[in-house]
Each structure stands twice: as structure tokens, then as C-alpha cells.
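**Q** Quick one: structure below, then a few questions.
Residue numbers (UniProt numbering), protein chains in the order written: chain U, 1 to 426; chain P, 1 to 426.
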């Protein structure tokens with residue numbers, strides 16, 4: 001905390017970020033030298049400190065909420081910002097839960113013995129310094145920092161201005177707990193300036209910050225992806241398809257489609273386009289069930305013929321992530337046609353098939369090139385917790401490093417350890 | 001080949017690269033649908049076609065060599081460019097060897113069964129379209145294309161202008177063999193223009209090219225790293241350290257140091273800095289052995305005292321990759337001092353310790369944060385072939401995706417396959 005206080009608000013955002021990241025790098029080396037148990041114990045202390053700091057955090061949050069109301073933030077924005085006893089308790093519980101997750105650091109990925117006697121092993125190690133750029137949800141301060149520390153990484157956090165008091169209070173509590181547990185305070189740093197140039201400085205901090213994780217809406221992620229010179233772990237869009245094959249069991253198809261679209265419409269795993277096979281016998285009932293459940297359906301010509309309440313889809317609908325109770329529906333002629341539609345319009349997040357035909361399902365799982373492909377399941381399962389990862393730093397739709405839900409393993413890299421007995425290369 | 005011929009030399013490099021990459025993307029989908037055996041068989045045909053095309057390739061190479069001599073290329077440059085029967089045969093053998101490597105595509109990384117019955121598996125899949133930007137060595141045309149195709153990727157190749165005829169002839173032969181084996185010609189494309197703006201277009205082809213691999217000298221790699229908006233797999237420097245601990249066995253230390261520096265001075269795994277423990281008893285003999293073997297030694301004050309032939313090192317020497325029979329030597333006070341020197345000056349490629357003390361060795365292997373860390377072995381072993389990977393597309397010193405020698409596995413990513421029985425998310 002002292003470092004942050006002394007480093008606060010210099011004139012030059014680039015110098016500020018450099019100072020923070022260099023301190024984070026030094027702290028990361030100390031953090032990596034701690035045992036896994038010591039890192040876990042420090043995180044348990046951080047969770048306790050967060051619970052103990054509830055009055056201060058809630059008071060800080062009240063200041064943010066008042067400022068947000070004065071600035072005219074929407075109800076949805078204010079809800080994202082709002083903390084209460086229950087939410088704060090859930091945040092602290094999540095910190096403790098991450099502390100209890102198995103540590104990927106030190107895991108041996110594989111080993112090899114060479115004919116010359118050299119023994120090779122690939123061992124997981126922390127990535128280093130992770131930059132997190134996020135918007136109004138103050139829980140990200142705790143969630144992201146905790147995942148980073150569990151995997152031996154330092155975190156440089158840059159939250160949104162609307163949550164500045166909440167983030168500062170949460171960060172102070174976490175840091176207090178971590179320091180009491182032997183983790184250097186500089187291992188988790190909150191950028192103490194709301195100057196937007198700090199974000200730009202983080203995005204271009206090659207060699208200082210090893211990876212950037214943006215957490216927030218599409219415009220934030222798009223800006224980060226466009227401007228970053230540091231590797232980014234992110235998804236931009238979740239334009240997710242569910243293909244109801246002609247051999248789908250109708251009750252299952254209806255249940256999955258309604259859940260995939262409507263359980264929560266605002267999450268990135270929500271279905272945005274339904275593809276109905278032209279040979280599927282229960283298509284009118286499927287569309288009716290979605291509309292009856294409160295969904296607006298925008299269809300192509302053949303989908304419009306299924307129910308008179310279907311609205312005509314425009315070309316843009318096939319590339320739109322509604323994040324709302326709106327769905328585009330196309331009728332396709334068999335698997336090939338479905339695969340072609342998905343190849344053209346999917347954002348590579350999560351695409352699913354519903355069918356009782358195992359061979360068709362396996363072809364879909366093999367040929368659809370998305371981070372997550374599903375058979376007979378709701379795309380809303382696209383989530384680190386649901387996948388058993390214990391948490392997630394995000395869902396990646398890029399192709400390198402980590403794909404789909406990313407938790408602790410995605411916050412590590414590896415090194416090669418080579419053990420010899422004096423070998424020289426001929 | 002037809003595509004490339006018809007696409008040759010349009011006015012706009014960006015449009016050219018877009019056209020090539022889009023064709024590569026389509027071809028990659030067809031390539032990925034082939035079986036592993038079919039891809040391997042096509043590569044064997046490509047190797048055969050390359051052997052059959054030897055007269056044409058050598059004639060093309062002679063044109064490049066004549067042009068290079070006329071342009072006054074150095075002897076080293078001309079040697080890198082030169083092909084003869086033996087070199088071409090070795091290139092074809094390498095293509096066939098990659099064909100025989102185990103295919104990473106389809107490998108199941110791990111599986112999980114969730115309490116709700118969902119069955120998860122992570123399966124390796126090709127990355128997609130790989131851009132290779134390289135300089136004068138025409139073997140890269142075959143090596144890189146072959147590794148990409150083995151792992152189901154399309155390749156967009158951009159070789160140096162000095163090797164344009166050689167590259168064109170090698171590419172034509174490869175493409176002929178691949179097409180005969182059922183691989184679409186557009187899966188391996190050679191950018192048909194030497195306009196330097198094509199390199200810039202490749203580096204910024206987000207969404208069209210999934211990863212760029214630069215192969216060449218430091219200035220090429222630096223430009224690629226500075227300008228790329230596409231992920232890059234590369235190493236910039238191999239500033240590799242060997243630390244001779246006080247408990248090193250002197251004969252082994254001498255043998256390893258001489259090999260690590262002098263076996264081949266121009267490779268990225270060569271030692272550039274030797275750290276000698278101040279308590280190591282045989283330090284003068286170690287330095288003398290290196291100088292006697294033909295190495296120029298630049299030392300700090302204490303190293304200079306070990307042999308009167310040592311030249312005083314400047315500050316820059318500790319951050320210099322000589323790639324020559326030149327070595328910087330520092331005397332350090334124990335492991336901590338060595339670790340601090342390495343943390344400050346290593347480029348994160350390969351660092352080694354020589355010691356008979358197992359505990360010190362393990363601390364070194366754990367705490368040095370480089371892609372490759374070695375105990376009692378020459379850093380010249382830092383090589384995909386020596387590591388048993390069968391080949392390498394490069395050595396990565398970045399921290400994400402793949403690190404150290406990268407071969408087929410590093411040319412893949414993974415997807416999550418989820419198999420359900422109608423599950424919806426509560």
C-alpha cells in the first residue's frame with residue numbers, strides 16, 4: 001500500500017504504469033518463491049480482511065452509488081456497481097474458494113528422457129504480471145487479483161472511475177490480508193489514477209505487463225484488442241448458435257433452446273441464433289415455445305412461415321449479439337448447411353447441436369471451430385464454474401494460449417527444465 | 001498454384017494478403033477435414049516432388065546466387081542462400097521426417113465428468129492460418145510449410161527477396177506433391193510479391209492470419225514484434241548464461257563452457273555470458289581454456305584478474321548477444337548473486353548451471369525464469385530436434401501459448417467438447 005500511496009498521481013501516466021509494473025515484477029518474484037500453501041493461506045487472510053472491512057467497503061460503495069446517481073447512470077449500471085452485505089460476503093467467499101483450488105504452479109506437464117541421458121520436464125510457472133482492465137463491477141477487483149495471486153502472478157488492476165471508491169476499499173482490505181500472509185503489497189496494485197491515458201499505457205507496456213485481461217462491455221474489449229501491444233486474453237462477442245437437427249428429440253430441443261436463450265439473456269454464453277433443420281418435424285412448436293416464453297424471434301423466410309409472430313430478420317441479425325430476449329432463427333438444410341452458417345457467423349465462443357443421432361453430433365463437435373462445442377446441452381453452461389474450474393478470469397475466443405473458460409491454468413505458462421550429467425552437444 | 005498465379009502482383013498489398021489469407025482459411029478447413037494419415041501421405045508426396053524437382057530448384061537457386069553476388073551479398077549471406085544436391089536432399093528428408101511425426105491434432109488433453117452428467121474434453125485442433133516471414137534461407141519454405149500442414153494449418157509464406165526464385169521453385173514442388181495427395185493448393189501459399197508492404201499487411205491481418213512466426217535475424221524479428229497486431233511466436237535474443245557454481249566439477253565445467261560458447265557461435269542457444277562463482281577454485285583454468293580455444297573474453301574486474309588476456313567488459317557487454325567467439329565473464333558471489341545477474345540480463349531463452357550440488361541446482365532450475373533452464377548441460381542443446389520434438393518452427397521466448405522450442409504441439413490450440421443428454425442450466 002505504501003508504494004501505491006507514494007506513487008499516486010504523477011503527471012505522466014506512462015511513468016506511473018511503468019513504476020507500478022516494475023514494482024509488480026519485483027513482487028511477483030517474491031510471490032513465486034512462496035510455497036503454494038503460503039499463497040493459499042495469504043488469500044484466506046485476504047478473504048477474512050475483506051469481511052472485516054465490510055463497513056468501510058460498503059461506505060465507499062455508497063459514495064460511488066451516490067456519485068453514479070448524480071451522474072445519471074442507468075439502473076443496470078447502478079446495479080452492477082452496488083454492493084450489499086450479501087454481495088460482499090459472496091465476494092469474500094469467492095476469494096476463499098480460489099485459495100482452496102489446486103495450484104497449477106509446479107505441475108509437471110510432461111517429461112522425456114533423451115538417448116544422451118538428458119532428462120527434460122515441462123513445468124508450469126506463473127506468467128508474471130497480469131494487467132486487468134475493467135468497468136463498473138467492483139467484485140472484479142477481488143476476483144481477478146485472487147486468481148492472479150493463486151497462480152503466482154502479480155496483478156495491476158485498473159477499474160472504472162464509477163467504482164473508484166469501492167475498488168480502493170476492496171483493494172486496501174485485500175492488500176492488508178495478503179501482506180499479513182507474507183505476500184508483498186506490490187503484488188496486487190490498483191492504478192491510483194483515473195486518467196484514461198493509464199489504460200493506453202498499460203496496453204502498450206510490452207515487457208512490463210505480460211498479459212492484459214479486459215473485463216467489461218464490448219466497447220472496452222474492442223478498444224483493448226485494437227490498441228494492445230501486450231497479449232490480450234478476451235472475448236469480444238458471444239454469437240452462439242444452437243442447431244436443432246432433424247433427429248432432435250422435440251421436448252429436449254425445446255427445453256435446451258428456451259434455457260440457452262432465456263435463462264439469462266445478458267451473459268456471453270446465451271444463444272443468439274437458432275438454426276432449425278428443414279426436416280425437423282416439430283419446428284413450429286419450437287418457435288412458438290420461444291415466443292410464448294417471451295422471446296422476440298427474427299427469422300428468415302422459412303422461419304417466418306413457422307409462426308405468424310416471427311419478425312423478418314435483416315442481414316445484420318445473423319451477426320448480432322442481442323444480449324436480450326431476442327433471437328434470430330434460420331431454417332437450414334441439413335448438417336452441411338448448418339456448419340456453413342456457423343462458420344460464417346459464429347464468433348467462435350459456444351455453438352451447440354441438439355440431436356439423437358450420435359454420428360451427426362460427433363461430426364458437429366469435430367467440425368465446428370469454436371472454443372466450446374456442445375451436444376445436447378444448453379450453451380449457458382459456457383462458464384468456468386460450470387466446467388469445474390472453480391472460477392474464471394474470462395472466456396477466451398482468441399486461438400492462442402487458452403481458449404474457452406480460463407481459470408488458473410490459463411494464468412500460467414511453462415518452462416523446460418533440463419537435467420544433465422555433463423553432456424555437451426556433438 | 002493457379003490461385004497464386006492469378007493473384008500475382010495486384011496493386012494493393014493489403015488486398016493481396018487478404019485474398020491469399022481468405023483462400024488459405026478456406027483451404028485450412030478442407031485440410032483439417034482430412035485424416036492425419038492423409039495429411040502425412042500428402043507430405044510424403046511433397047518430399048518426393050521436391051526431390052524430383054531438384055534440377056529446377058537448383059537452377060532457380062543459381063539465379064538467386066548470381067543476383068546475390070551481383071548485389072554484393074556477403075559470403076555468409078550467400079552461404080545461407082546456397083542450395084546443392086546434399087542440402088536439397090536434406091530438406092526433402094526433413095519434410096518426410098515431419099510427415100512421420102505423431103499428429104497432435106485430435107489429442108485429448110484432459111477430460112472431466114461434471115456432477116450434472118456433462119462430459120467435457122479438451123481436444124487439440126489446428127490454430128488455423130499461420131504467417132511465416134523469413135529471410136534468405138530457402139529451406140524455411142519447406143520446413144515451415146511442412147510443420148504447418150502436419151498440424152492441419154494453412155501457411156502464408158513470405159520469404160526474402162534474395163531467395164525469391166529458390167522459394168518459388170521449392171513452393172511449386174511442394175504444392176504439386178500436396179495437391180497430388182489431396183491437400184488444396186491454397187493451404188500453402190507463397191506471397192507472390194516482394195513489395196515490403198506485404199509484410200506490413202500480414203502483420204496487421206487480424207482475423208485473417210492467426211499467428212505470425214518470424215524466422216531470421218534480430219532486425220526482422222524486432223520489426224515483426226514492434227508492428228504486429230497478430231500474435232507472434234518468436235525470440236528476439238538469446239543472451240544465455242552459464243553459471244559455474246563453486247561445487248562444479250572442473251573438467252565438466254570446462255567442457256560445458258567451451259561447448260556452450262564455441263561449438264557453433266551463431267546459434268541462439270550459444271552461451272553469451274559466463275558467471276563464475278568467486279568460490280570456484282578452478283576459475284583461472286576455465287577462463288584460460290576458453291581463450292585457448294579461440295574465444296575473446298570480456299570480463300568484469302574480478303574476471304580480468306583471472307587471466308591477463310581478458311579484455312575489460314563495458315556495461316553493454318552484459319546485454320549483448322555476440323553470436324561470435326566472444327564471451328562476457330563476470331565473477332559472482334554465490335547463487336543469489338548469479339540469480340540476480342540472470343534476472344537482470346537474461347533474455348529468457350536458455351540459462352544453465354554447472355554444479356555437483358543437487359540442492360543448488362534445483363534452486364537454480366526453480367528460480368531462473370527462462371524458457372529453458374539446464375543443469376550440467378551445454379546451452380547448445382536448446383533445440384527442438386535435441387529435445388525430441390522432431391523439428392522446430394522456432395524457439396519462443398514470449399510467455400504465452402508456447403515457450404522454448406516449438407514444434408507441432410505449438411502449432412495447435414484446443415477446443416472444449418461438451419457432451420450432454422439434454423441438460424439445461426438451473
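For each residue, glycine too, the CB sits at the ideal point set by N, CA and C.
Based on Cα-Cα distance, which residue from U/166, U/22 and U/108 lies nearest to residue 68 of chain U?
**A** The option with the nearest alpha carbon to residue 68 of chain U is U/166.
**Q** Whole-angstrom Cβ separation of residue 411 of chain P and residue 147 of chain P, contact assumed at under 8 Å?
**A** About 6 Å; that satisfies the 8 Å criterion.
**Q** How is the beta strand (DSSP E) around residue 232 of chain P delimited, first residue to last?
**A** Residue 232 of chain P -> no beta strand (DSSP E), and no H or E assigned at all.
**Q** Counting along the chain, where does the alpha helix (DSSP H) carrying residue 77 of chain P start and finish?
**A** Looking at the DSSP string, the run of the alpha helix (DSSP H) that includes residue 77 of chain P is 75–81.
**Q** List the endpoints of the continuous alpha helix (DSSP H) containing residue 254 of chain P.
**A** Element bounds for residue 254 of chain P: 250–262.
**Q** Name the residues in the region 406–420 of chain U whose C-beta lies less than 7 Å from a C-beta of chain P; which are they?
**A** If the cut-off is 7 Å between Cβ atoms, the region 406–420 of chain U has 413, 414, 415, 416, 417, 418, 419 and 420 near chain P.
**Q** Could you compute how far the alpha carbon of residue 188 of chain U sits from the alpha carbon of residue 94 of chain U?
**A** Straight-line Cα distance between these residues: approximately 17 Å.
**Q** Using a Cβ cut-off of 9 Å (strictly closer), state whether residue 165 of chain P contacts chain U.
**A** It does not; no Cβ of chain U falls within 9 Å.
**Q** Consult DSSP for residue 182 of chain P and reduce its assignment to one of helix, strand or coil.
**A** Residue 182 of chain P: coil per DSSP, three-state reduction.
**Q** Would DSSP call residue 401 of chain P helix, strand or coil?
**A** Coil.
**Q** In this structure, how does DSSP classify residue 13 of chain U when only helix, strand and coil are distinguished?
**A** Residue state, collapsed to three classes: helix.
**Q** Would you call the CB atoms of residue 278 of chain P and residue 235 of chain P closer than 9 Å?
**A** No. Outside cutoff.
**Q** Can you tell me whether residue 437 of chain P is buried or exposed? The criterion is at least 16 other CB atoms within 10 Å of its CB, across all chains shown.
**A** Residue 437 of chain P lies beyond the residue range present for chain P, which begins at 1 and ends at 426; the question has no answer from this structure.
**Q** If the cut is a Cβ gap below 9 Å, which residues of chain A does residue 372 of chain P touch?
**A** In summary, chain A is missing from the structure at hand, where the protein chains are U and P.
**Q** Report the neighbours of residue 114 of chain P on chain U: residues whose CB is nearer than 9 Å to its CB, in chain order.
**A** Chain U residues near residue 114 of chain P: 381, 386, 387 and 388.
**Q** Pull up the distance between the alpha-carbon of residue 139 of chain P and that of residue 81 of chain P, whole angstroms please.
**A** Roughly 9 Å between the two C-alpha positions.
**Q** What residue range does the alpha helix (DSSP H) around residue 360 of chain U cover?
**A** Run containing residue 360 of chain U: 358–367, per the alpha helix (DSSP H) assignment.
**Q** If you drop the 5 nearest sequence neighbours on each side, which residues of the same chain put their C-beta closer than 6 Å to that of residue 5 of chain U?
**A** Because residue 5 of chain U carries a pLDDT of 40, less than 50, the predicted location of this residue cannot be relied on, and no value is offered for it.
**Q** Take residue 301 of chain P as the anchor and find which of P/295, P/311, P/294 and P/293 has the nearest alpha-carbon.
**A** It is P/311.
**Q** Give every residue of the same chain whose Cβ lies closer than 7 Å to the Cβ of residue 98 of chain P, excluding the five residues on either side of it in the sequence, and list them in chain order.
**A** The residues are 43, 146, 147, 150, 390 and 391.
**Q** For the candidate residues P/113, P/280, P/368 and P/233, whose alpha-carbon lies nearest to that of residue 250 of chain P?
**A** Ranking P/113, P/280, P/368 and P/233 by Cα distance to residue 250 of chain P puts P/280 first.
**Q** When you check each C-beta in the region 211–237 of chain P against every C-beta of chain U, which residues fall closer than 7 Å?
**A** Here the close residues are 211 and 231.
**Q** Residue 125 of chain U and residue 105 of chain U: beta carbons closer than 9 Å?
**A** Their beta carbons are under 9 Å apart, which means residue 125 of chain U touches residue 105 of chain U by this criterion.
**Q** Quick check on DSSP: helix, strand or coil for residue 122 of chain P?
**A** Residue 122 of chain P: strand per DSSP, three-state reduction.
**Q** Closer than 6 Å by C-beta to residue 27 of chain P: which residues in its own chain qualify, once you throw out the five before and the five after it? Chain order, please.
**A** The residues are 154, 184, 186 and 187.
**Q** Given a cut-off of 9 Å on the beta-carbon distance, is the pair residue 103 of chain U and residue 39 of chain U in contact?
**A** Cβ atoms of residue 103 of chain U and residue 39 of chain U: closer than 9 Å.
**Q** By the criterion of Cβ-Cβ separation under 7 Å, what are the contact partners of residue 118 of chain U in chain P?
**A** The answer, in chain order, is 377 and 381.
**Q** Could you tell me whether the Cβ of residue 423 of chain U comes closer than 9 Å to any Cβ of chain P?
**A** By this cut-off, residue 423 of chain U is an interface position.
**Q** To be precise: take each residue of the region 240–271 of chain U, compare its Cβ to all Cβ atoms of chain P, and keep it if any distance is under 7 Å. Which residues remain?
**A** The region 240–271 of chain U vs chain P, Cβ under 7 Å: 252, 255, 256, 259 and 263.
**Q** Output, in chain order, the set of chain U residues within a Cβ distance shorter than 8 Å of residue 333 of chain P.
**A** Residues of chain U passing the Cβ test: none, with the nearest at roughly 19 Å.
**Q** Nearest chain U C-beta to residue 401 of chain P closer than 9 Å, yes or no?
**A** At least one chain U Cβ lies under 9 Å of residue 401 of chain P.
**Q** For a cutoff of 9 Å on Cβ pairs, would you count residue 319 of chain P as touching chain U?
**A** So no, residue 319 of chain P is outside the interface.
**Q** Output, in chain order, the set of chain U residues within a Cβ distance shorter than 7 Å of residue 365 of chain P.
**A** The contacting residues are 417.
**Q** Does DSSP classify residue 409 of chain P as helix, strand or coil?
**A** Here residue 409 of chain P sits in helix by DSSP.
**Q** Could you check whether the Cβ of residue 127 of chain P sits closer than 9 Å to any Cβ belonging to chain U?
**A** Output row for residue 127 of chain P: interface = yes.
**Q** Suppose contacts are defined by Cβ-Cβ distances below 9 Å. Is residue 269 of chain P in contact with residue 383 of chain P by that definition?
**A** Yes. Within cutoff.
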